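S.K.: When you number the sequence shown by this note's numbering, it's gap-free, plus one each residue, and the end is 582.
In this text, a Cβ means the ideal position worked out from N, Cα and C, and glycines have one as well.
All values reported here derive from a predicted model rather than from experimental measurement.
To start, I am sharing the structure in question, which I have written as structure tokens.
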Amino acid sequence: MDLALDSVAVARWQFGITTVYHYLFVPLTISLAALTAGLQTAWVRTGKEKYLRATKFWGKLFLINIAMGVATGLVQEFQFGMNWSDYSRFVGDVFGAPLAFESLIAFFFESTFIGLWIFGWDKLPQKLHLACIWLVSLGTILSAYFILAANSWMQHPVGYRYNKVTGRAELTDFWAVLSQNTTLVVVFHTLTAAFLTGAAFMIGISAYHLARRKHVAVMRTSLRLALVTAVVAGLLTAISGDRLGKVMYEQQPMKMAAAEALWDGESPAPFSIFAYGDVEKGHNTVAVEVPGLLSFLAHDDFDSYVPGINDVNKAEQEKYGPGDYRPNIPVAYWGFRWMIGFGMTSFAVGLAGLWLTRRRFWLAEDRRTADDEPPHLMLTRNTALSPALSRWYWRIGLLTMGFPLIANSWGWIFTENGRQPWVVYGLLRTEDAVSPGVSTAEMLISLIVLTTLYAVLAVVEVKLLVKYAKAGPPELTEADLNPPTKIGGDADRPMAFSY
């Protein structure tokens, strides 16, 4: 990325900062909605209070997160007109369709039922109220689908024609945009990563309370759900990531080469574990590699040929004209590794947790230990594990709860940086997409203002989450334990915010 203060660089920095910040909330919103719905389903089916307390606890954290996500997401829409008007003019006919579906179907669908869920605890029958949170969860997934379809079109344009008279891309096949393999694979990968994020979040908070032997019944249920989710989501994230890598190689070979700092094509091509090189000279001076693995990731064949950065750059110069078609190689290379490393660490924490909890180790609800017994013995009472290992697991669970958020952020940075210098691959360069009538100074002012505002919002968000996460699940009231059997509930009771 060019660090010079020109309009293109400033516009890219602003969009990058606001997008990565907004995306911190998206995976938590998607996963917490579904996990909360699952816990409420368990309560409706079993009537056990621990599931209702867990629903209200995680539901409150979900509401804090989604409120901040909606607020920060609005800025993304405005930026298309603020700093990227030439981009909006070029892709508006195509890009506008999935965004309209996201707003008119997914967002309003989601916001309507979340309102019913918040205010309907004492007004709606159990099953109807439960349906509301499941519809909220469906709305979050649909919202992600339409947004990712729009972004996938930027990665691999389909279903359009280029109008030379107007200089615009025009939509010809909306279904192709929604159903192309890029969209399907990216949606699968994003959703599985989202559930890994929610699982790590739930593991960390559950570990915090269990280490202090607080709210044991609720938190052990939450931890077990989170551990299973982390393992399943981690495996599916790896599988979908492998498929996405193959699609990426077919459609954007430069991104694949940059992700591995593979300067010259090789057969078989190695997977790089560590590399240090000179971008200007186009080669690595230090490289630690696994032979043939990149060939397998690209072709399912350990001996296949994979073109390098220099090869693809030359091919794109012949196809698109003179220029440098290389992205920022260090950002692509390390972003790819940080994405994998932080994501798979959370998967490993989930796997370790499942192994540690494979036997009945919880204190029975009707059984209490001596007051002077250390909290960590709760994990080791019926296992051969040492107390030290138990203590370390709680700490690791808490410390790694944000790792998937880091992985998600670097995944998006890698995805968008690896496409450069294109904003729409093969059709529109980033330097041609900025607003011609907005000065660098104006962009810089908005960058500073938005970054400062987002920093303040980050403090508010973290304080709210910490406050209510530390408070633990709420105590249940008589109204909670006796929900209405018909719509409207007690007609004499005013509608109240249930959180």
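When the Cα of A168 is compared with those of P556, Y551, V241, E514, which residue comes out closest?
M.R.: According to the sequence as given, residue 168 is Ser; it is not Ala. The candidate whose alpha carbon is nearest that of S168 is E514.
S.K.: Does the beta-carbon of P457 have 16 or more other beta-carbons within 10 angstroms, so that it is buried, or is it exposed?
M.R.: Bear in mind that the predicted position of P457 carries a pLDDT of just 45, short of 50, making it unreliable; the figure below should be weighed with that in mind. So P457 counts as exposed.
S.K.: Excluding five sequence neighbours on each side, which residues of the same chain lie with their C-beta closer than 8 angstroms to the C-beta of F192?
M.R.: L218, L221, G222, L225
S.K.: For a test of the three-state rule: what should DSSP assign to Y243, helix, strand or coil?
M.R.: strand
S.K.: On a CA-only basis, which of S378, V330, K329 is nearest P351? Give me that one, please.
M.R.: S378
S.K.: Going straight from the alpha carbon of L511 to that of V532, what length do you get?
M.R.: 29 angstroms
S.K.: Under a Cβ-count criterion, where at least 16 other Cβ atoms within 10 Å of its own Cβ denotes burial, should A381 be classed as buried or exposed?
M.R.: Per the 10 Å Cβ criterion, buried.
S.K.: If V432 and T483 are in contact, beta carbons under 8 angstroms, what's the gap, nearest whole angstrom?
M.R.: 5 angstroms
S.K.: Restricting to Cα atoms, I'd like to know which of R136, V177, S186, L434 is closest to G156.
M.R.: S186
S.K.: Would you tell me roughly how many angstroms separate the C-alpha atoms of G130 and G494, rounded to the nearest one?
M.R.: Annotation: G130 to G494 spans about 41 angstroms, alpha carbon to alpha carbon.
S.K.: Would F163 count as contacting chain C if we go by Cβ distances under 7 angstroms?
M.R.: In the displayed structure, chain C is absent; only one protein chain is listed.
S.K.: Does the stretch 175 to 183 come within contact of the stretch 248 to 263, defined as at least 3 CB pairs closer than 8 angstroms?
M.R.: yes
S.K.: Near E120, what residues of its chain come up, given a Cβ to Cβ distance below 6 angstroms and the 5 sequence neighbours on each side ignored?
M.R.: In the sequence as presented, Glu is not what sits at residue 120; that position holds Ala. Same-chain partners within the cutoff: I216, W217, S220.
S.K.: Report yes if the C-beta distance between F196 and M151 is below 7 angstroms; otherwise report no.
M.R.: no
S.K.: Would you mind stating whether P390 and P353 have Cβ atoms separated by less than 7 angstroms?
M.R.: no
S.K.: Given that a residue counts as buried once 16 or more other Cβ atoms are within 10 Å of its Cβ, and exposed if not, what is V269?
M.R.: buried
S.K.: Over the uninterrupted beta strand (DSSP E) stretch that includes V506, give me the two end residues.
M.R.: 505 to 507
S.K.: Jot down the residue ranges of each uninterrupted beta strand (DSSP E) in the stretch 478 to 527, minimum 3 residues, whole runs only, in chain order.
M.R.: 505 to 507
S.K.: Measuring from the CB of V395, is there a heavy atom of the ligand COA at a distance below 6 angstroms?
M.R.: No copy of the ligand COA appears in this structure; indeed no ligand is present at all.
S.K.: What three-state label does DSSP hand Q238 in the structure shown?
M.R.: helix
S.K.: According to the Cβ coordinates, are I392 and W346 closer than 7 angstroms?
M.R.: The answer is yes: Cβ separation under 7 angstroms.
S.K.: Is it right to say V330 is buried, meaning 16 or more other beta carbons lie within 10 angstroms of its own, or is it exposed?
M.R.: buried
S.K.: So, using beta-carbon positions, are L434 and V311 closer together than 7 angstroms?
M.R.: no
S.K.: Going by DSSP in three states, F444 sits in which element: helix, strand or coil?
M.R.: In this prediction, F444 has a pLDDT of 47, which is less than 50 and means its spatial position is unreliable; what the coordinates show is noted afterwards. Note: F444 maps to coil in three-state DSSP.
S.K.: DSSP has A252 in a bridge; who is on the other side?
M.R.: Y245
S.K.: Per DSSP, which residues does E558 bridge with? Please list them.
M.R.: DSSP output for E558 lists no bridge partner at all.
S.K.: For I100, does the three-state DSSP call read helix, strand or coil?
M.R.: helix
S.K.: Determine, using beta-carbon pairs with one atom in the stretch 422 to 431 and one in the stretch 316 to 326, whether at least three such pairs fall under 8 angstroms.
M.R.: yes
S.K.: Report yes if the CB atom of M285 is closer than 7 angstroms to the CB atom of H292, and no otherwise.
M.R.: no
S.K.: If you count every other CB in all the chains shown that lies within 10 Å of the CB of V517, and 16 or more means buried, which is it?
M.R.: It is buried - the Cβ of V517 has at least 16 other Cβ atoms within 10 Å.
S.K.: Ignore the nearest five residues each way along the sequence and tell me which others in A154's own chain have a CB closer than 8 angstroms to its CB.
M.R.: L540
S.K.: To the nearest angstrom, how far is it from the Cα of F486 to the Cα of P405?
M.R.: 41 angstroms
S.K.: Taking only the alpha-carbon atoms, compute the straight-line gap between V549 and N148 and give it to the nearest angstrom.
M.R.: 12 angstroms
S.K.: Taking the alpha carbon of D383 as the point to measure from, which residue in E333, F419, N396 has its own alpha carbon closest?
M.R.: Checking every option, the nearest Cα to that of D383 belongs to E333.
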